[in-house]
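Visitor:
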Amino acid sequence: MKFWQVKNKYEEPNSFFKEKRIRSYISLVLILIISYITARLIGFDLILIFKNFSKAVIRFLDLYIPPNFLDIKDLIEAMWVTIILCITAGTIGTFLAYAAALGMSKTTGKIKPLRIVLRALSTFLRNVPASIWAIVLLMAFWFGEFLALLVMTIGTFSFNARLFSDMIDETNKHSLEALDSVGANYWQIVFQGIVPETLPTSISWSLFSVETNIRSSTIIGMLAGGGIGHLIGIYRHFRKFDQLTAAVIFVVVGILAFDQLSVQIRKRIL
Amino acid sequence: MKDGGLLMFKEVLKVENLSKTYSGNTRALKNVSFKLNDEELVSIIGPSGAGKSTLLRSINQMIDPDKGSKVYFDGNEITGINKKKLRDVRKHIGMIFQHYNLIYRLTALENVLHGRLGYYSTIKGALSLYENNDIYKAVELLDLLGLKDRKYFKCANLSGGQKQRVGIARALIQNPKIILCDEPISSLDPQASKVIMEHLKYIVKEMKIPCLVNLHQVDVAKTYSDRIIGMSNSEIVFDGHPSQLTNDIIELIYGAKEDEILAS
Numbered sequence: 001m002k003f004w005q006v007k008n009k010y011e012e013p014n015s016f017f018k019e020k021r022i023r024s025y026i027s028l029v030l031i032l033i034i035s036y037i038t039a040r041l042i043g044f045d046l047i048l049i050f051k052n053f054s055k056a057v058i059r060f061l062d063l064y065i066p067p068n069f070l071d072i073k074d075l076i077e078a079m080w081v082t083i084i085l086c087i088t089a090g091t092i093g094t095f096l097a098y099a100a101a102l103g104m105s106k107t108t109g110k111i112k113p114l115r116i117v118l119r120a121l122s123t124f125l126r127n128v129p130a131s132i133w134a135i136v137l138l139m140a141f142w143f144g145e146f147l148a149l150l151v152m153t154i155g156t157f158s159f160n161a162r163l164f165s166d167m168i169d170e171t172n173k174h175s176l177e178a179l180d181s182v183g184a185n186y187w188q189i190v191f192q193g194i195v196p197e198t199l200p201t202s203i204s205w206s207l208f209s210v211e212t213n214i215r216s217s218t219i220i221g222m223l224a225g226g227g228i229g230h231l232i233g234i235y236r237h238f239r240k241f242d243q244l245t246a247a248v249i250f251v252v253v254g255i256l257a258f259d260q261l262s263v264q265i266r267k268r269i270l
Numbered sequence: 001m002k003d004g005g006l007l008m009f010k011e012v013l014k015v016e017n018l019s020k021t022y023s024g025n026t027r028a029l030k031n032v033s034f035k036l037n038d039e040e041l042v043s044i045i046g047p048s049g050a051g052k053s054t055l056l057r058s059i060n061q062m063i064d065p066d067k068g069s070k071v072y073f074d075g076n077e078i079t080g081i082n083k084k085k086l087r088d089v090r091k092h093i094g095m096i097f098q099h100y101n102l103i104y105r106l107t108a109l110e111n112v113l114h115g116r117l118g119y120y121s122t123i124k125g126a127l128s129l130y131e132n133n134d135i136y137k138a139v140e141l142l143d144l145l146g147l148k149d150r151k152y153f154k155c156a157n158l159s160g161g162q163k164q165r166v167g168i169a170r171a172l173i174q175n176p177k178i179i180l181c182d183e184p185i186s187s188l189d190p191q192a193s194k195v196i197m198e199h200l201k202y203i204v205k206e207m208k209i210p211c212l213v214n215l216h217q218v219d220v221a222k223t224y225s226d227r228i229i230g231m232s233n234s235e236i237v238f239d240g241h242p243s244q245l246t247n248d249i250i251e252l253i254y255g256a257k258e259d260e261i262l263a264s
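Chains as they are written, first to last, in this note's numbering: chain A, 1 to 270; chain B, 1 to 264.
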């Protein structure tokens, strides 16, 4: 075989696909083997699950269906509190995140130590899960709406701060150069250049934060107290599973409604 | 400062021994010296990487030139002055860019008013508390540049030529003593380019604001300039009237004859 023939591996185009297919089969087999080994290691019995699956389904339906809207007044009130908490946490967190992002970004953060401290802080806050914050802060702030608010604010802040600082770094440097060239100072460039260019996207992300907050409010409310999550916790505790289903339905409807609202808002600002 | 000769033009800008060395010993400018007088439209031509952009940005110190470089603006040396004074100088120097460099989410009117930021306090500038005089002036300039019905358009929705005219209005509202133009027509089609160059000519002759223009198009430079500066390899190799720009000199600047340069 000549030199160039060795280099050109696929003389026949369909052999390229043949080899690709073989590679896929090997990967699939490997994944199955790994799944089997790990399942054996933790004593996960697939056959037992299939055997008892119908029993589990029947039990599930028995416990959770139909949903019981007996406490509808409580549910509505708790959902209202949840939404208010989520919006408040979303806005406060977003504001703080924007301020921190200005200090964190390479474009606007002129003080290097501050940049490093803020970056470390937001990374730390972000990498501790919200449920852990709820458990840890419970000792200091006690059970209730404020703790839930605090935990969600931490979540929104830490996530958005990182996001916004990347966003500020990506603003068009050319546009900022022009403001610099007319003799505008730092805060003028921030408010006339960076804020207008990043504001719509920031608002969009803050809406997303509120959505995430509503989603996580179930667990956070259960751990920290307050809102619909708290109610879910109580239902679970007293084994009122049909009422728990009703609460979950409320959360899902809440998320869907807010999602539609944010779609409309985004359409108008972006 | 008066020019001593027959022409009683005022000397607005004087550049002496301007050098710029980037890290890694790349020399972008080598001892560049020239003058710019009142009522002059001076073009700087040269191949990409000759140092045209660096030269322009070294004048208002968007790029810090090397030590020993001297730039005199309106009779005063502006190299090595502090940040506050530099901002004071910059508000008198208009600048127009190849990529327009507008804030695209804001309207044409707001972008024009950005030209006044140097004259405002931090708070007033940051919160857009512009004075009525300035707002009317901005409107007047937009009308003058043929953007009467585009005042409240977001700049993202304007065409290239319109964006560049907003850029010109932003420079003009500064009441500049000089306008630096960094390849103002390189992103535009021929018709829009012509409009922009006509506006620059008007600015120089009627508004009496001298312009220093980086250009890629030799024929445009010949048509509109009062003087042409040719740069090659970070140095000025030609400084004279457009009629003196012979084929030999073009070859010296570009390393090729004019008819060999595509779309020159």
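Even glycine gets a Cβ: it sits at the ideal position worked out from N, Cα and C.
The model shown is predicted, which means the values in this text are computed figures rather than measured ones.
1) Might you give, ordered along the chain, the residues of its own chain that have their beta carbon closer than 7 Å to the beta carbon of Gly125 of chain B, omitting 5 neighbours on each side?
2) Where does Ser19 of chain B sit, in a helix, a strand or coil, going by DSSP?
3) Counting only Cβ pairs nearer than 8 Å, list the residues of chain A close to Ala126 of chain B.
4) At 8 Å on the CB atoms, spell out the chain A contacts of Met62 of chain B, in chain order.
5) Could you give the C-beta distance for Gln188 of chain A and Thr122 of chain B, rounded to a whole number, given that I count them as a contact under 8 Å?
6) Kindly say whether His230 of chain A, judged by its beta-carbon, lies nearer than 9 Å to any beta-carbon of chain B.
7) Taking the C-alpha atoms as reference points, what is the distance between Phe16 of chain A and Ser54 of chain A?
8) Over what stretch of residues does the beta strand (DSSP E) that includes Lys112 of chain A continue unbroken?
9) Along the chain, where does the beta strand (DSSP E) that runs through Ile65 of chain A open and close?
10) Closer than 8 Å is the cut-off here; do at least three beta carbon pairs connect the stretch 210-222 of chain A with the stretch 135-143 of chain B?
11) How many Å lie between Ser27 of chain A and Gly43 of chain A at the Cα?
12) Name the chain A residues that come within less than 7 Å of Arg87 of chain B, Cβ to Cβ?
13) Quick one: what's got a C-beta closer than 7 Å to Glu211 of chain A's C-beta in the same chain, skipping five residues either side?
14) Using a Cβ-Cβ cut-off of 7 Å (strictly less than) and excluding sequence neighbours within five positions of Ser187 of chain B, which residues of its own chain qualify?
15) Taking only beta-carbon atoms, is Asn101 of chain B less than 9 Å away from chain A?
16) With a 10 Å radius around its C-beta and 16 neighbouring C-beta atoms as the bar for buried, classify Tyr186 of chain A as buried or exposed.
17) State the Cα-Cα distance for the pair Ile234 of chain A and Ala56 of chain A, rounded to the nearest angstrom.
18) What residues of chain A sit near Thr266 of chain B, judged by a beta carbon separation below 7 Å?
19) Rounding to the nearest angstrom, what Cα-Cα distance links Lys180 of chain B and Arg119 of chain A in this structure?
20) Given this structure, state the Cα-to-Cα distance separating Leu138 of chain A from Ala224 of chain A, to the nearest angstrom.
21) By the criterion of Cβ-Cβ separation under 7 Å, what are the contact partners of Glu211 of chain A in chain B?
22) Is there a Cβ from chain A that is less than 9 Å from the Cβ of Val15 of chain B?
23) Is the separation between the beta-carbon of Gly226 of chain A and that of Gly144 of chain A shorter than 9 Å?
24) Could you check which residue in B:Lys222, B:Lys208 and B:Gly240 has the C-alpha nearest to that of Asp38 of chain B?
25) So which of A:Gln192, A:Lys112, A:Pro113 and A:Phe208 has the shortest CA-CA distance to Thr156 of chain A?
26) Which residue comes first and which comes last in the beta strand (DSSP E) that contains Leu188 of chain B?
27) Using only the alpha-carbon positions, how far apart do Trp4 of chain A and Thr201 of chain A sit?
28) So, is the C-beta of Arg170 of chain B closer than 9 Å to a C-beta in chain A?
29) When DSSP labels each residue in this structure, what does Asp239 of chain B get in the three-state scheme?
Guide: This is what the structure holds:
1) If you number the second sequence from 1, residue 125 of chain B lands on position 125. Closer than 7 Å at the Cβ level, and outside the excluded window around Gly125 of chain B, lie Leu117.
2) Stepping through the second sequence from its first residue, residue 19 of chain B is reached at position 19. Ser19 of chain B: strand per DSSP, three-state reduction.
3) By one-based count along the second sequence, residue 126 of chain B stands at place 126. Chain A residues near Ala126 of chain B: Trp187, Gln188, Val190, Phe191 and Gln192.
4) Taking the first residue of the second sequence as 1, we reach residue 62 of chain B at position 62. Near Met62 of chain B (Cβ distances below 8 Å), the residues of chain A are Glu177, Asp180 and Ser181.
5) Working through the first sequence from its first residue, we reach residue 188 of chain A at position 188. Working through the second sequence from its first residue, we reach residue 122 of chain B at position 122. Confirmed, Cβ separation roughly 6 Å.
6) The sequence position of residue 230 of chain A within the first sequence is 230, counting from 1. Put simply, the CB of His230 of chain A is far from chain B, with every gap to its CB atoms at 9 Å or more.
7) Mapped onto the first sequence, residue 16 of chain A falls at position 16. Mapped onto the first sequence, residue 54 of chain A falls at position 54. Roughly 46 Å between the two C-alpha positions.
8) Residue numbering aside, residue 112 of chain A sits at position 112 when the first sequence is read from its first letter. For Lys112 of chain A, no beta strand (DSSP E) segment is defined; the enclosing uninterrupted segment is the alpha helix (DSSP H) at Lys112 to Asn127.
9) What you label residue 65 of chain A is simply residue 65 of the first sequence in a count that begins at 1. Note, Ile65 of chain A: premise wrong, no beta strand (DSSP E); not H, not E.
10) no
11) Sequence index remark: in the first sequence, residue 27 of chain A carries index 27 (1-based). Sequence index remark: in the first sequence, residue 43 of chain A carries index 43 (1-based). Approximately 24 Å, taken between the alpha carbons.
12) Translated into positions along the second sequence, residue 87 of chain B becomes position 87. Per Cβ cutoff of 7 Å: Gly183 and Asn185.
13) Along the first sequence, read from residue 1 onward, the residue named residue 211 of chain A stands at position 211. Within the same chain, Glu211 of chain A has close Cβ partners Ile255, Phe258, Asp259 and Ser262.
14) On the second sequence, residue 187 of chain B is found 187 positions in, with the first residue counted as 1. Around Ser187 of chain B: Gln98, His99 and Gly160.
15) Counted from its first residue, the second sequence places residue 101 of chain B at position 101. Yes - at least one Cβ of chain A is within 9 Å of the one on Asn101 of chain B.
16) The residue given as residue 186 of chain A occupies position 186 in the first sequence. Answer is exposed; the Cβ neighbour count stays below 16.
17) Your numbering for residue 234 of chain A matches position 234 in the first sequence. Your numbering for residue 56 of chain A matches position 56 in the first sequence. About 23 Å.
18) A question about residue 266 of chain B goes unanswered here, because the residues of chain B that appear run from 1 up to 264.
19) By 1-based counting over the second sequence, the position of residue 180 of chain B is 180. By 1-based counting over the first sequence, the position of residue 119 of chain A is 119. In the sequence as displayed, the identity of residue 180 of chain B is Leu instead of Lys. Cα to Cα, the separation comes out at about 39 Å.
20) Translated into positions along the first sequence, residue 138 of chain A becomes position 138. Translated into positions along the first sequence, residue 224 of chain A becomes position 224. Rounded to whole angstroms, Leu138 of chain A to Ala224 of chain A spans 7 Å at the Cα level.
21) Along the first sequence, read from residue 1 onward, the residue named residue 211 of chain A stands at position 211. By Cβ distance, chain B contributes nothing, its closest Cβ being about 24 Å from Glu211 of chain A, past 7 Å.
22) On the second sequence, residue 15 of chain B is found 15 positions in, with the first residue counted as 1. With 9 Å as the cut-off, Val15 of chain B does not count as an interface residue toward chain A.
23) Position 226 of the first sequence holds residue 226 of chain A. Position 144 of the first sequence holds residue 144 of chain A. In contact: Gly226 of chain A and Gly144 of chain A (Cβ atoms closer than 9 Å).
24) Taking the first residue of the second sequence as 1, we reach residue 38 of chain B at position 38. Here the closest residue by C-alpha is B:Lys208.
25) Reading the first sequence from its first residue, position 156 is the one you call residue 156 of chain A. Closest by alpha carbon: A:Phe208.
26) Translated into positions along the second sequence, residue 188 of chain B becomes position 188. Per DSSP, Leu188 of chain B belongs to no beta strand (DSSP E) and is neither H nor E.
27) As a first step, residue 4 of chain A must be located in the first sequence, where it is residue number 4. As a first step, residue 201 of chain A must be located in the first sequence, where it is residue number 201. Bear in mind that a pLDDT of 41 at Trp4 of chain A, under 50, signals an unreliable position, so the number given afterwards is only what the model happens to contain. Between Trp4 of chain A and Thr201 of chain A, the C-alpha separation is close to 52 Å.
28) The residue you call residue 170 of chain B lines up with position 170 of the second sequence. It does; some Cβ of chain A falls within 9 Å.
29) Here residue 239 of chain B refers to the residue found at position 239 of the second sequence. Strand.
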